[in-house]
Amino acid sequence: MSILAGIDIGTNTVRLLIADVKDRYTFKELRSERRITRLGEGIIDGKRLIPSAENRTIYVLKEFGEILKGYPVESLTAVATSAVREAKNGGEFVDKIKVETDFDIEIISGEEEARRTFLGVVAGLNPSPSSSPQRGEETKAIPSPQWGEGWVRGELLIMDIGGGSTEFIVSKNAEVLNTVSTGLGVVKLTEEFVKSDPVSDKELEGLRNAIEKEIKGLKDILNSPAKIRFVGTAGTITTLAAIDQNLTLYNPLRINNYVMKKRSIGRIFDDLKAKTIEERLNIPALEKGREDLIIAGTAIVLSVMEEFGFSEMTVCDYGLREGIVIDLYNKRYGL
0 MSILAGIDIG TNTVRLLIAD VKDRYTFKEL RSERRITRLG EGIIDGKRLI PSAENRTIYV
60 LKEFGEILKG YPVESLTAVA TSAVREAKNG GEFVDKIKVE TDFDIEIISG EEEARRTFLG
120 VVAGLNPSPS SSPQRGEETK AIPSPQWGEG WVRGELLIMD IGGGSTEFIV SKNAEVLNTV
180 STGLGVVKLT EEFVKSDPVS DKELEGLRNA IEKEIKGLKD ILNSPAKIRF VGTAGTITTL
240 AAIDQNLTLY NPLRINNYVM KKRSIGRIFD DLKAKTIEER LNIPALEKGR EDLIIAGTAI
300 VLSVMEEFGF SEMTVCDYGL REGIVIDLYN KRYGL
């Protein structure tokens with residue numbers, strides 16, 4: 000048994016996972032936390048992290064530090080993604096985190112973010128789309144090759160929508176074939192295009208055009224097969240799954256491996272864009288802090304499904320945070 004921890008410092012959300020890892024295939028989740036800090040707020044204006052966003056994030060990291068003291072964690076990996084790697088003062092912020100929290104932060108590239116996200120996502124997928132969820136309330140099962148290949152034997156296109164970037168991963172038989180990291184981030188797009196409340200038709204047109212420009216030709220760049228299963232992860236996508244099921248409380252058992260139809264996503268989008276931010280806050284499944292970002296995030300999902308011709312998307316509650324822990328275990332034991 001190895002008690003390991005991973006921290007994901009994203010553009011919008013900071014996540015913590017503490018897990019008791021039995022072997023490379025199975026771990027028990029001891030603690031899972033996430034906080035929306037919107038670290039990337041205002042970054043499109045000057046390519047710098049602003050003090051208030053830095054302070055919110057450091058406050059949460061200090062909170063996570065206190066949580067970690069309650070567990071005999073043997074090893075920890077903390078990574079920062081798009082906002083920190085793009086900010087002119089990203090290195091200074093990492094130094095500040097070290098001074099105030101003693102966390103060593105690894106700034107990872109978009110490609111490395113995609114690789115670790117892949118490890119987490121594949122761990123969360125069922126052997127077949129019709130299988131019941133394998134994730135218990137406290138236990139996550141990382142599939143062994145024998146268990147997992149039933150699901151991952153074919154090709155997958157995995158999309159991870161973040162606050163500052165969106166990663167795409169093409170895999171076959173649980174092996175990564177290609178990755179692309181794009182500049183599509185829900186915080187960036189929201190700050191640039193979504194200014195009215197509710198969002199205007201003109202703003203939606205600008206938003207769609209920006210997304211379509213970024214993903215044009217992506218299918219050829221990824222060299223993705225004609226028949227490929229579409230899997231989505233991260234906050235936008237899990238939120239859509241929660242809304243689609245009218246959940247009042249977020250339940251990973253109901254989210255992980257849930258299959259969403261494109262028409263359902265379109266219906267949700269029509270409802271969301273007609274509402275004001277205040278009205279969206281009345282949707283029980285919509286976490287506070289995402290009420291403005293959900294428009295840009297859903298627009299990304301629909302545009303990608305249109306570009307690739309997907310009619311449905313499998314939702315995965317696992318992602319970079321889980322991949323960090325899996326990668327840490329693999330490196331620790333030379334796997």
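Counted the way numbering that gives the first Met the number 0 counts, the sequence shown spans residues 0 to 334.
Positions of the beta carbon are idealized from the N, C-alpha and C atoms, including for glycine.
Just so it is clear, the structure is predicted and the values come from calculations on it, not from any experiment.
{"Item": "Residue nearest to residue 313 in terms of C-alpha spacing, selected from 52, 332, 241", "Value": "241"}
{"Item": "Residue 228 Cβ short of 7 angstroms to the ligand FAD heavy atom set", "Value": "With respect to the ligand FAD, the structure shown offers nothing to examine, as it has no ligands at all."}
{"Item": "Reference residue 114; option with closest CA among 238, 21, 176", "Value": "176"}
{"Item": "C-alpha gap between residue 171 and residue 154, whole angstroms", "Value": "4 angstroms"}
{"Item": "Same chain, Cβ closer than 7 angstroms to residue 218, five either side skipped, listed in chain order", "Value": "306, 307"}
{"Item": "Three-state secondary structure assigned by DSSP to residue 4", "Value": "strand"}
{"Item": "Separation of residue 189 from residue 200, as counted between CA atoms", "Value": "14 angstroms"}
{"Item": "Every unbroken beta strand (DSSP E) within the stretch 234-282, with a cutoff of 3 residues, ordered by chain", "Value": "258-260"}
{"Item": "Coil, strand or helix - residue 309 by DSSP", "Value": "coil"}
{"Item": "Three or more C-beta pairs below 8 angstroms linking the stretch 25-33 and the stretch 83-101", "Value": "no"}
{"Item": "Neighbourhood of residue 226 by C-beta distance below 8 angstroms, restricted to the same chain and skipping five residues each side", "Value": "153, 154"}
{"Item": "Where residue 333 sits in the DSSP three-state scheme", "Value": "coil"}
{"Item": "Cα-Cα separation between residue 20 and residue 60, rounded to whole angstroms", "Value": "23 angstroms"}
{"Item": "Which residues DSSP lists as bridging residue 171, in chain order", "Value": "154, 174"}
{"Item": "Residue 202: first and last residue of the uninterrupted alpha helix (DSSP H) it sits in", "Value": "200-214"}
{"Item": "Span separating the alpha-carbon of residue 107 from that of residue 163", "Value": "13 angstroms"}
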